[in-house]
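S.K.: Got a structure for you, written out below as structure tokens; questions coming shortly.
Protein chains: 2
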Amino acid sequence: MESSNGKPPQGKEEGMAAAAEGSIGGYESLHRLLESNLSPELFKEASRLLLGLNCARPLEAISLPGATTALAEAHDFDVQAFRFNADKEQMRQPRIVRVGLVQNSIAVPTTCHFADQKKAIMEKVKLIIDAAGASGVNVLCLQEAWTMPFAFCTREKRWCEFAEPVDGESTQFLQDLAQKYNMVIVSPILERDINHGEIIWNTVVVIGNNGNIIGIHRKNHIPRVGDFNESTYYMEGNTGHPVFETAYGKIAVNICYGRHHPLNWLAFGLNGAEIVFNPSATVGELSEPMWPVEARNAAIANSYFVGSINRVGTEVFPNAFTSGDGKPQHADFGHFYGSSHFSAPDASCTPSLSRYRDGLMISDMDLNLCRQIKDKWAFRMTARYDMYANLLSEYMKPDYKPQVISDPLINKRKA
Amino acid sequence: MESSNGKPPQGKEEGMAAAAEGSIGGYESLHRLLESNLSPELFKEASRLLLGLNCARPLEAISLPGATTALAEAHDFDVQAFRFNADKEQMRQPRIVRVGLVQNSIAVPTTCHFADQKKAIMEKVKLIIDAAGASGVNVLCLQEAWTMPFAFCTREKRWCEFAEPVDGESTQFLQDLAQKYNMVIVSPILERDINHGEIIWNTVVVIGNNGNIIGIHRKNHIPRVGDFNESTYYMEGNTGHPVFETAYGKIAVNICYGRHHPLNWLAFGLNGAEIVFNPSATVGELSEPMWPVEARNAAIANSYFVGSINRVGTEVFPNAFTSGDGKPQHADFGHFYGSSHFSAPDASCTPSLSRYRDGLMISDMDLNLCRQIKDKWAFRMTARYDMYANLLSEYMKPDYKPQVISDPLINKRKA
Numbered sequence: 001m002e003s004s005n006g007k008p009p010q011g012k013e014e015g016m017a018a019a020a021e022g023s024i025g026g027y028e029s030l031h032r033l034l035e036s037n038l039s040p041e042l043f044k045e046a047s048r049l050l051l052g053l054n055c056a057r058p059l060e061a062i063s064l065p066g067a068t069t070a071l072a073e074a075h076d077f078d079v080q081a082f083r084f085n086a087d088k089e090q091m092r093q094p095r096i097v098r099v100g101l102v103q104n105s106i107a108v109p110t111t112c113h114f115a116d117q118k119k120a121i122m123e124k125v126k127l128i129i130d131a132a133g134a135s136g137v138n139v140l141c142l143q144e145a146w147t148m149p150f151a152f153c154t155r156e157k158r159w160c161e162f163a164e165p166v167d168g169e170s171t172q173f174l175q176d177l178a179q180k181y182n183m184v185i186v187s188p189i190l191e192r193d194i195n196h197g198e199i200i201w202n203t204v205v206v207i208g209n210n211g212n213i214i215g216i217h218r219k220n221h222i223p224r225v226g227d228f229n230e231s232t233y234y235m236e237g238n239t240g241h242p243v244f245e246t247a248y249g250k251i252a253v254n255i256c257y258g259r260h261h262p263l264n265w266l267a268f269g270l271n272g273a274e275i276v277f278n279p280s281a282t283v284g285e286l287s288e289p290m291w292p293v294e295a296r297n298a299a300i301a302n303s304y305f306v307g308s309i310n311r312v313g314t315e316v317f318p319n320a321f322t323s324g325d326g327k328p329q330h331a332d333f334g335h336f337y338g339s340s341h342f343s344a345p346d347a348s349c350t351p352s353l354s355r356y357r358d359g360l361m362i363s364d365m366d367l368n369l370c371r372q373i374k375d376k377w378a379f380r381m382t383a384r385y386d387m388y389a390n391l392l393s394e395y396m397k398p399d400y401k402p403q404v405i406s407d408p409l410i411n412k413r414k415a
Numbered sequence: 001m002e003s004s005n006g007k008p009p010q011g012k013e014e015g016m017a018a019a020a021e022g023s024i025g026g027y028e029s030l031h032r033l034l035e036s037n038l039s040p041e042l043f044k045e046a047s048r049l050l051l052g053l054n055c056a057r058p059l060e061a062i063s064l065p066g067a068t069t070a071l072a073e074a075h076d077f078d079v080q081a082f083r084f085n086a087d088k089e090q091m092r093q094p095r096i097v098r099v100g101l102v103q104n105s106i107a108v109p110t111t112c113h114f115a116d117q118k119k120a121i122m123e124k125v126k127l128i129i130d131a132a133g134a135s136g137v138n139v140l141c142l143q144e145a146w147t148m149p150f151a152f153c154t155r156e157k158r159w160c161e162f163a164e165p166v167d168g169e170s171t172q173f174l175q176d177l178a179q180k181y182n183m184v185i186v187s188p189i190l191e192r193d194i195n196h197g198e199i200i201w202n203t204v205v206v207i208g209n210n211g212n213i214i215g216i217h218r219k220n221h222i223p224r225v226g227d228f229n230e231s232t233y234y235m236e237g238n239t240g241h242p243v244f245e246t247a248y249g250k251i252a253v254n255i256c257y258g259r260h261h262p263l264n265w266l267a268f269g270l271n272g273a274e275i276v277f278n279p280s281a282t283v284g285e286l287s288e289p290m291w292p293v294e295a296r297n298a299a300i301a302n303s304y305f306v307g308s309i310n311r312v313g314t315e316v317f318p319n320a321f322t323s324g325d326g327k328p329q330h331a332d333f334g335h336f337y338g339s340s341h342f343s344a345p346d347a348s349c350t351p352s353l354s355r356y357r358d359g360l361m362i363s364d365m366d367l368n369l370c371r372q373i374k375d376k377w378a379f380r381m382t383a384r385y386d387m388y389a390n391l392l393s394e395y396m397k398p399d400y401k402p403q404v405i406s407d408p409l410i411n412k413r414k415a
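This is the structure we're talking about:
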């Protein structure tokens, strides 16, 4: 499924996933790069540090059924699976949940009819959902705005046609699969809010394992950076920080740019989340240095699991656009670098999925680890939230004076 | 200054720095391990990802004066120096500051007379401060409770003898050096609060470049984990989140365990900090997986520089103690793994100092980068602090009800 030197497979479809990606080389993941080039002993050590495995619980690879690996081989998507362990408790049974993350490129060029683009994406994602179902995944999360290319870079409003009501086509499609596989499915879509003037939201629909819609959440923080022109299309969400109590644990969704906001992560934690998904669409030059940092920090700070998802590939649009950086117009947003992975509350994480190919990341996680880490580290008890509630209330006042202590001798001597 | 295979130097003083350290091997840093074992080309790529250098500004090594490197060689401490660059602006001149971090082991066994222990530490730290002075460092931060062994693991109250008033011996010692080198010095000590019943605090004294005391800050969050029995000795700080306006920029100090609290980092940012130091004392088995994550996340989320410091070596105490883990009594706290480093608001960071030896990390940083990143990413403008002020106020109420949406069919089908 991958070449031995850690480089991505050849034969990308023309115009959909450009090979050139600037300064980053062509390997599938840092983990695989090191695995291919270090001695087994050194790789083990590097891996221990990089994945935060300096603890009593090593990360174990899970062997998956043939039906899953056959689908992955036939359709060239990356599949990886790992187990996070927890301590045995005397008063609670383990609560082991199998969780999956899906990353994918678009399926046909963006010049195709919108209906054909959507249909082709749904067909390819169905194969990955089938693979997850064959492995008994309990909770599965798809990527941000999974039914469409991430066209917000263009600022063209015609892409709003991809928006759907909460109970629209893609939700119905997933409700059938949720019921078939007894699986909770988290579906991030572009929402058209029929009951409020047909406005647009960036929304996630949470579908229960009986195929019912449990509820929705709307993206809280909308980016104003690079070509992420999403603020042209939709406003900040109005759904607070809901946690969804499902048959397989308490889950929440921090959509994309919300991962840069520690308070957003915190709020889902305060409401009791045990797994927080971060379905994203983000590109290499801008955010790749942050990608391995923010989700792990959130898992540590809030004592829950995080599932990070990024779409993959380069999407080329029909009309060229500029990027506010003085460079010539161009027709793509840059390379979405995939690299979906899980982070755990004990500071460990899995390796990442491919930077180039579609993928399914599976982890078994004992949700008991969340409370075990809360008891061990006591972050919530030592957090002094009252102090910060007061500070933020003061800070919101237009006449807020920062707490600054100035050196009275600051100008005495030439610095 | 280091062996070619990335392993630590031999010949540690007996009883002060035990060699055995469990599952982690004997290399000085992950960066050096990879440098010694990857081809230059692959090392460059791995390094780019690990240090977050996927941006227009590469990290450059700085060449230091002979006086600095001679001191480092003569006294066997690690010295590294790097430059973070920023874009040129039209309306502001660059504001380049040279910042230093000091990590050190204790100097004589903990069985020695307390006065001798303190004197020996001050003598060895003076050599590192001299090296920083010779390099023209503008702002220097020492490690947490730098005048003493980190004896709180023992729960023995006799170590409180190391506490000093804010204007005590160690402050006076540093005031002279601050004036001599025209250097701001940040000095974390165990404080005895003479005017409030001689109580104990974990405090940082900020000394201006004219040798004056600018002010203090007291540790906001006190750990309750492992052998960090600090809550036996002192309470949560009462100084808020001050930012110190010095001749070389606005600095703040997040002491040790405060780094696990994103709100603590946030508050210093809201008050305008451009550099936040995190003087720490932390051991391998417990926190090493978190160490490369939390400071970088804080630098990213708050658009400021972070200087992370951890003491180094293994401190063996006169009386054995147990650790609440069912294991036999022992007389040491584990290995303090050094690894001091800088993180920048653009998500890049420096390599780390040695995991085994004393060290001085120097960075030149253009503080203009902070505002440039604020403008680019707009995290503060998109943060919706009003929403979180309300949430935290509600959360503090004893009858707070988490925002939970339960699947009504949760028990319909066996999960």
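Chains as they are written, first to last, in full-length UniProt numbering: chain B, 1 to 415; chain Z, 1 to 415. Glycine included, each C-beta is placed from N, C-alpha and C at the ideal position.
Using a threshold of 8 Å, state whether the C-beta atoms of VAL293 (chain B) and GLY334 (chain B) are closer than that.
M.R.: no
S.K.: Is it the case that the Cβ atoms of ASP176 (chain Z) and LEU353 (chain Z) are separated by a distance below 8 Å?
M.R.: Taking 8 Å as the Cβ cut-off, ASP176 (chain Z) and LEU353 (chain Z) do not qualify as a contacting pair.
S.K.: DSSP beta-bridge partners for GLN80 (chain Z)?
M.R.: Z:MET361
S.K.: Just to check my reading of the structure: PHE152 (chain Z) and ASN229 (chain Z) have Cβ atoms closer than 8 Å, yes? What is that Cβ distance to the nearest angstrom?
M.R.: 5 Å
S.K.: Taking 8 Å as the threshold (C-beta atoms), are GLN103 (chain Z) and VAL312 (chain Z) in contact?
M.R.: Contact flag set, yes.
S.K.: Using three-state DSSP, classify SER23 (chain Z) as helix, strand or coil.
M.R.: Below a pLDDT of 50, predicted positions are generally treated as unreliable, and SER23 (chain Z), at 36, falls in that range; no measurement from the model is reported.
S.K.: How far does the alpha helix (DSSP H) with HIS31 (chain Z) in it reach, from first residue to last?
M.R.: 30-37
S.K.: Quick one: measure Cβ to Cβ for ILE189 (chain B) and VAL205 (chain B), integer angstroms, because I've assumed they're closer than 8 Å.
M.R.: About 6 Å separates the two Cβ atoms, so the contact holds.
S.K.: CB ALA301 (chain Z) to CB VAL225 (chain B), shorter than 8 Å?
M.R.: no
S.K.: Please work out which residues of its chain come closer than 7 Å, Cβ to Cβ, to GLU288 (chain Z), disregarding the five sequence neighbours upstream and downstream, and give them in chain order.
M.R.: TYR337
S.K.: If we ignore side chains and look at the alpha-carbon of each, how far apart do PRO94 (chain B) and ALA267 (chain B) end up?
M.R.: 26 Å
S.K.: Using a C-beta to C-beta distance shorter than 7 Å, which residues of chain Z count as neighbours of SER406 (chain B)?
M.R.: GLU245
S.K.: Helix or strand or just coil, what does DSSP make of CYS160 (chain B)?
M.R.: helix
S.K.: Quick one: is SER348 (chain B) near chain Z, going by C-beta distance under 8 Å?
M.R.: yes
S.K.: At the level of alpha carbons, what is the spacing between VAL253 (chain B) and GLY100 (chain B)?
M.R.: Rounded to whole angstroms, VAL253 (chain B) to GLY100 (chain B) spans 14 Å at the Cα level.
S.K.: Can you pull out the residues from the region 280-309 of chain B whose beta carbon lies closer than 7 Å to at least one beta carbon of chain Z?
M.R.: GLY284, GLU285, GLU288, PRO289, MET290, VAL293, GLU294, ARG296, ASN297, ILE300 and ALA301
S.K.: Counting only the same chain and skipping the five closest in sequence on each side, list residues whose C-beta sits under 7 Å from that of PHE150 (chain B).
M.R.: Excluding positions up to five away in sequence, the list reads ALA281, ARG311, GLU315 and PHE333.
S.K.: Examine chain B for any beta-carbon lying closer than 8 Å to the beta-carbon of PHE336 (chain Z), and answer yes or no.
M.R.: no
S.K.: Can you check whether the C-beta of GLY385 (chain B) is within less than 8 Å of a C-beta belonging to chain Z?
M.R.: First, the amino acid is wrong: residue 385 (chain B) is Tyr here, not Gly. Yes, because at least one Cβ of chain Z sits closer than 8 Å to the Cβ of TYR385 (chain B).
S.K.: For the region 27-38 of chain Z, which residues have a beta carbon sitting closer than 8 Å to at least one beta carbon of chain B?
M.R.: Within the region 27-38 of chain Z, the residues whose Cβ lies closer than 8 Å to some Cβ of chain B are TYR27, LEU30, LEU33, LEU34, ASN37 and LEU38, listed in chain order.
S.K.: For ARG259 (chain Z), count neighbouring Cβ atoms within 10 angstroms of its own Cβ and tell me buried if that reaches 16, exposed if not.
M.R.: buried
S.K.: Say whether chain Z places a C-beta atom closer than 8 Å to the C-beta of ILE222 (chain B).
M.R.: yes
S.K.: Along chain B, in chain order, which residues have C-beta atoms closer than 7 Å to that of LEU409 (chain Z)?
M.R.: Chain B residues near LEU409 (chain Z): GLY208, ASN210 and ASN212.
S.K.: Mind checking which residues open and close the alpha helix (DSSP H) that includes residue 463 (chain Z)?
M.R.: With chain Z covering only 1 through 415, there is no way to say anything about residue 463 (chain Z).
S.K.: Using only the alpha-carbon positions, how far apart do GLN365 (chain B) and LEU53 (chain B) sit?
M.R.: As written in the sequence, residue 365 (chain B) is Met, which differs from the Gln given in the question. Distance between the alpha carbons of MET365 (chain B) and LEU53 (chain B) is about 15 Å.
S.K.: List, from N- to C-terminal side, the beta strand (DSSP E) runs of 3 residues or more that fit wholly inside the region 51-132 of chain B.
M.R.: Here the runs fully enclosed are 78-84 and 96-103.
S.K.: Helix or strand or just coil, what does DSSP make of GLU169 (chain Z)?
M.R.: If DSSP states are grouped into helix, strand and coil, GLU169 (chain Z) belongs with the helices.
S.K.: Listing by chain order, which chain B residues have their CB less than 9 Å from the CB of MET235 (chain Z)?
M.R.: Correct list: empty, because the minimum Cβ distance to chain B is about 11 Å.
S.K.: Taking a contact to mean a Cβ-Cβ separation below 8 Å, would you say LEU360 (chain Z) touches ILE128 (chain Z) in this structure?
M.R.: yes
S.K.: Among Z:VAL184, Z:SER363, Z:ASP87 and Z:TRP146, whose alpha-carbon lies nearest the alpha-carbon of THR246 (chain Z)?
M.R.: Z:VAL184
S.K.: So for LEU140 (chain Z), helix, strand or coil by DSSP?
M.R.: strand
S.K.: Would you give the residue range spanned by the alpha helix (DSSP H) that ILE213 (chain Z) belongs to?
M.R.: Where ILE213 (chain Z) is concerned, there is no enclosing alpha helix (DSSP H), although the beta strand (DSSP E) it sits in stretches over 213-218.
S.K.: State yes or no: is the C-beta of GLU144 (chain Z) within less than 8 Å of the C-beta of PRO351 (chain Z)?
M.R.: With contacts defined as CB atoms closer than 8 Å, GLU144 (chain Z) and PRO351 (chain Z) fail to qualify as a contacting pair.
S.K.: Using a Cβ-Cβ cut-off of 8 Å, state whether ASN229 (chain B) counts as contacting chain Z.
M.R.: Cβ-Cβ to chain Z under 8 Å: no for ASN229 (chain B).
S.K.: Where does VAL125 (chain B) land, buried or exposed, given buried means 16+ other C-beta within 10 angstroms?
M.R.: A residue is called buried once 16 or more other Cβ atoms fall within 10 Å of its Cβ, and VAL125 (chain B) is buried on that count.
S.K.: Is the distance from the Cβ of VAL306 (chain Z) to the Cβ of ALA320 (chain Z) below 8 Å?
M.R.: no
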